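For reference, the structure is listed below as structure tokens.
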Amino acid sequence: MNTPRIALVTGANQGLGRALVEGLAARTNPDDLVLLTGRSPQRVTDAAREVAQLPATRARVEGRVLDVSDTDAVARLAEDLGVRYGGVDIVVSNAVARLLPEESQAERADEFIDVSNTATHAVLRSFGPVLRSGGRLIVVASSLGTLGHLDPRLHHLFDGASLDQVEYAVESWRSAIHSRTAQEAGWPIWLNVPSKVAQVAAVRAVAAERRAHDLATDTLIAAVCPGMVDTATSRPWFSDDGRAQSPAEAAEAVLDLILDGPVDPALYGELVRTGTALPWHDGTPPVEQDRMLTP
């Protein structure tokens, strides 16, 4: 008898996270458990109930309240799942802070960094040790997460960095924003660029330490680029919404990476878009006036 799989998605009340929960619940087995997490107890409860009632749902679906910016809460949940179920099999770190074009990037920096980067580090640190053999730990990023999108002066902070070094770089960036020296040091105004690069760098750091063991046990750690997705978070940034996918459409390639076939070593530890690894050193620093989300 196969051991039931335990899957968890952060930022799953709506948008891509919700679509990933729906897809996992439809494509896994009745004994498997999919955990839908978010900060609002009522929204988590409502969303989990709605997904559980969908005709396509096969697995069990439960809600868990989780503020990913609370690193202690992330650690407690990982420990609890490790004790209760012996580990987890699928973890998707998807939470992101909503930021509107008219809002000050600097004034929203702390929340954005906490939800996108501090949370990513916490998920990697806490859930990596309880990820069972054959598991999948995925961080949702974007194509902006390749190193070339940063000023070359900043590359040494992330290229070949350990997770501790990535965390230090992120906090240095945060401090530079507060001291108003970020642009002078080469950091772009747009938070999404260094945030995504740091997310991918964190994945690469953890994957570098685990690669041999994980590949031997068909375990995957990777970042993914889902492309442009039509969600409440991204919609205000569109210049051409005809290119945007629905959350369900965007979720398909991510679900395929998680659920279909053995791990491709070429994708391990990389930023993956529709089954292809994006070269880490590719990209060019963005023009600040062009703030459209890049798929």
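Heads up, the sequence shown is in the numbering used here, so the first residue is -17 and it goes up one at a time. C-beta atoms are modelled at their ideal positions from N, C-alpha and C, and glycine is treated no differently. This structure is a prediction, so every number in the text was calculated from the model and none was measured.
Inset, instruction - Inspect the CB distances between the region 227 to 234 and the region 137 to 151 and report whether three or more fall short of 8 Å. - result: These segments do not touch.
Legend entry - Beta-carbon proximity list for Val121, same chain, < 6 Å, skipping 5 on both sides: Ser75, Thr102, Gln181, Val185, Ala205
Legend entry - Ser157 - DSSP class collapsed to helix/strand/coil: Shown here, Ser157 sits in a helix according to DSSP, grouped into three states.
Inset, instruction - Please look up how many angstroms separate the CB atoms of Ala233 and Ala1, rounded, as I've assumed it's under 8 Å. - result: 4 Å
Legend entry - Secondary structure of Thr266, DSSP reduced to three states: In the structure shown, Thr266 sits in coil (DSSP, three-state: anything other than H, G, I, E or B).
Inset, instruction - Could you please give the first and the last residue of the uninterrupted alpha helix (DSSP H) stretch that includes Asp212? - result: Run containing Asp212: none; DSSP gives neither H nor E here.
Legend entry - Nearest-angstrom Cα separation, counted from Ala41 out to Gln165: 48 Å
Inset, instruction - Would you decide whether Val269 is buried or exposed? Buried here means 16 or more other CB atoms lie within 10 Å of its CB. - result: By the neighbour-count rule (16 or more Cβ atoms within 10 Å), Val269 is not buried but exposed.
Legend entry - Start-to-end residues for the alpha helix (DSSP H) that takes in Ser108: 101 to 109
Legend entry - Within 7 Å, strictly: CB atoms of Trp155 and Pro176: yes
Legend entry - Counted within 10 angstroms of its Cβ, other Cβ atoms place Pro208 as buried (16 or more) or exposed: With a 10 Å radius around the Cβ and a threshold of 16 neighbouring Cβ atoms, Pro208 comes out buried.
Inset, instruction - From the DSSP output, in three-state form, read off Gly64 for me. - result: helix
Legend entry - Nearest-angstrom beta carbon gap, Ile203 and Asp71 [assumed within contact, 8 Å]: No, Asp71 and Ile203 are not in contact; Cβ-Cβ is about 13 Å, not under 8 Å.
Inset, instruction - With a 10 Å radius around its C-beta and 16 neighbouring C-beta atoms as the bar for buried, classify Leu36 as buried or exposed. - result: With fewer than 16 Cβ atoms within 10 Å of its Cβ, Leu36 is classed as exposed.
Inset, instruction - Output the distance between the C-alpha atoms of Arg58 and Gly127, rounded to the nearest integer angstrom. - result: About 29 Å.
Inset, instruction - Could you tell me if Ser51 is buried or exposed, where buried requires 16 or more neighbouring beta carbons within 10 angstroms of its beta carbon? - result: buried
Inset, instruction - State the DSSP-derived secondary structure class of Gln227, mapped to helix, strand or coil. - result: Gln227 falls in the strand class under three-state DSSP.
Legend entry - Ala233 beta carbon near the ligand ADP (any heavy atom closer than 6 Å): As for the ligand ADP, it is missing from this structure, which has no ligand bound.
Inset, instruction - Report all residues from its chain with a CB closer than 7 Å to the CB of Val152; omit the five preceding and five following residues, and keep chain order. - result: Ile95, Asn99, Ala180
Inset, instruction - Quick one: give me the first and last residue of the alpha helix (DSSP H) that Val3 is part of. - result: Taken as a continuous stretch (DSSP letters only), the alpha helix (DSSP H) holding Val3 covers -3 to 9.
Inset, instruction - Return the chain-ordered list of same chain residues with a C-beta closer than 7 Å to the C-beta of Ala7, the five sequence neighbours on each side being excluded. - result: Val16, Val33, Thr39, Arg40, Ala41, Val43
Legend entry - Contact the region 110 to 124 vs the region 192 to 202: 3+ CB pairs below 8 Å: yes
Inset, instruction - Go ahead and pull the three-state DSSP assignment for Gly142. - result: coil
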